[in-house]
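Our numbering puts the first residue of the sequence shown at 5, with every later residue one more than the last.
Written below as structure tokens is the structure these notes are about.
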Amino acid sequence: MSRDFRSVVPTRYWRGLDDGRIQCDVCPRRCRLHEGRRGLCFVRARQGNAVVLTTFGRSSGYCVDPIEKKPLNHFLPGTPVLSFGTAGCNLSCSFCQNWDISRSRDADTLADRAPPARIARVARQLGCRSVAFTYNDPVIFLEYAIETAKACEERDIRAVAVTAGYVCDAPREEFFRSMDAVNVDLKAFTESFYRHICHAELQPVLDTLVYLKRETEVWLEITTLLIPGENDSDAELHRASQWVAESLGLDVPWHFSAFHPDYRMRQKPPTPPETLARAREIALGYGLRYVYMGNVHDERGESTYCHACGETLVGRDGYRITAWNLDDTGHCGTCGARCAGVFEGPAGRWGARRQPVRLADFAADARA
Ligand code: SF4
């Protein structure tokens, strides 16, 4: 059987402990595993005297999405992205909006099998400019994500990661070396939120954000899901905005998106649009240039404006582009100022479509 079709593959980031357990060093959880046990993420497990990834080449499903859905507003706008995830997650957020995948312990979730080369080929056949590792956190299946990103690079397809950024230094470096763009979920700006609601820590996420901005060329955008009464106070939004402005600069796009009651947080109301507008105003007040409202219908809060002359650069209605005032390299059509991001030619025309894909349907074509 070829390497591509083996679901269980060796991994590198682990060490043996004096008490006989093996510690996984991919994320700050540092799960300590007895023989046969899986980590909290479910997909990494101890087999013998090593930690293996058990889901290489297996996916919970594929879909062609607008790149704006990741969300990435400044990376090849308007283009389609082939999106997929696996199962499991290294965080356990009470409000998870993808909990059927992230909390899955069911092999049926991983019904779709695809080696990296086939994903890259299908992405090209479908006209996608990029492939996204999304729905669950790709750092837990980094070996698969990295090989897929490399296969994509050979076909001029970009690699996009959607992640919580909860990852240790060495795997962080290896993982992001293969990525072209990333959206990092900054879930809140307090340790108590991360500890009590995500069962994780804030500081490693901030470290990832600073690393990405200062040490890499990866295009970075941030998302914060605002949950009423949990992470939406003025004080917290001011502190977060100040930190983003000072630590990451003014050009990092930031998406404030609306929470919908789900998983273990069904008692909470959905986020009112006014909360997103308030968060946006606070962030803009710190000089941030590109701040967006997400999961609500608000063209003003979804559009991109020139930081120099204030003209609309990209008008948006949901995931649909309604206005375009940039040249082919991302300069304002009115004043010529550069808009931060990755712009290559005119806007794509994918629109708001969401197209589920079965990779198996493409196998014959791909071999041809
Ligand atoms: S990647 Fe998975 S197994 Fe490794 S430390 Fe994180 S949760 Fe545990």
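Cβ atoms here follow ideal geometry from the backbone N, Cα and C, with glycine treated the same way.
All of these numbers come straight from a predicted model, not from anything done at the bench.
The beta carbon of alanine 341 sits closer than 8 Å to the beta carbons of Cys310, His311, Ala312, Cys313 and His335 from its chain, once the five residues preceding and following it are set aside; these are given in chain order.
At a cut-off of 3 residues, the continuous stretches assigned as beta strand (DSSP E) that sit fully inside the segment 185–215 are 185–189. Taking a C-beta distance under 8 Å as the contact criterion, lysine 74 and alanine 136 qualify as a contact pair. DSSP places phenylalanine 179 in no beta strand (DSSP E) but in the uninterrupted alpha helix (DSSP H) bounded by 173–181. Cβ-Cβ separation between threonine 275 and proline 232: approximately 6 Å, consistent with a contact (criterion under 8 Å). A straight-line Cα-Cα distance of about 17 Å links aspartate 211 and cysteine 202. Sequence-distant partners of arginine 353 (beyond 5 residues in either direction) whose C-beta falls short of 7 Å from its own C-beta, in its chain, are Gly82.
Taking C-beta atoms as the reference points, arginine 50 and arginine 62 fail to come closer than 8 Å. If only uninterrupted alpha helix (DSSP H) runs of at least 4 residues are considered, those enclosed by the segment 247–292 are 277–289. Around the beta carbon of leucine 330, a 10 Å sphere encloses 16 or more other beta carbons of the protein chains shown; the residue is thus reported as buried.
Taken atom to atom, the span from the alpha-carbon of glycine 319 to that of glycine 305 is near 10 Å. Residues lining ligand 1 by the Cβ criterion, that is a Cβ closer than 6 Å to any of its heavy atoms, are Cys28, Val30, Cys31, Arg33, Arg34, Cys35, Gly43, Leu44, Cys45, Arg48, Asn94 and Ile144 in chain order. Distance from the Cα of phenylalanine 180 is smallest, within the candidate group Cys156, Phe197, Ala192 and Trp223, for Trp223. Using a Cβ distance threshold of 8 Å, serine 134 and valine 85 count as a contacting pair. Sixteen is the threshold: since fewer than 16 other Cβ atoms of the shown chains lie within 10 Å of the Cβ of threonine 333, the residue is exposed. Pairing serine 182 with isoleucine 150 gives a Cβ-Cβ distance under 8 Å. For histidine 264, same chain residues with a beta-carbon under 6 Å away, outside a window of 5 residues either side, are Pro274 in chain order. Around the C-beta of glycine 131, fewer than 16 other C-beta atoms lie within 10 Å, and the residue is accordingly described as exposed. The segment 19–35 makes no contact with the segment 280–287; the number of CB pairs closer than 8 Å stays below 3. Uninterrupted alpha helix (DSSP H) stretches at least 4 residues long and entirely within the segment 136–164 occur at 146–158, given in chain order.
For glycine 65, the beta-bridge partners assigned by DSSP are Gly89. Excluding five sequence positions before and after glutamate 240, the CB atoms of its chain that fall closer than 6 Å to its own CB belong to Phe193, given in chain order. Between the alpha carbons of leucine 317 and cysteine 28 lies a distance of about 45 Å. Straight across, the Cα-Cα distance linking histidine 301 with proline 277 is about 9 Å.
In this structure, DSSP gives isoleucine 71 a helical state, which the three-state scheme calls helix. Restricting attention to Asp173, Val188, Ile144 and Phe366, the CA atom closest to the CA of valine 164 is found in Val188. Put simply, of Ser237, Tyr148, Trp247 and Leu230 the residue whose alpha carbon is nearest the alpha carbon of histidine 259 is Leu230. A straight line joining the alpha-carbon of asparagine 299 with that of proline 70 spans about 14 Å. Contact between arginine 159 and arginine 128 holds: CB atoms are separated by about 5 Å, below the 8 Å threshold. With a beta-carbon spacing of about 18 Å, isoleucine 144 and arginine 10 fall beyond the 8 Å limit used to define contacts. Assigned with DSSP and collapsed to three states, isoleucine 26 falls in strand. Within the same chain, Cβ atoms closer than 8 Å to the Cβ of aspartate 238 are found at Arg282 and Ile286, the five residues on either side in sequence being excluded.
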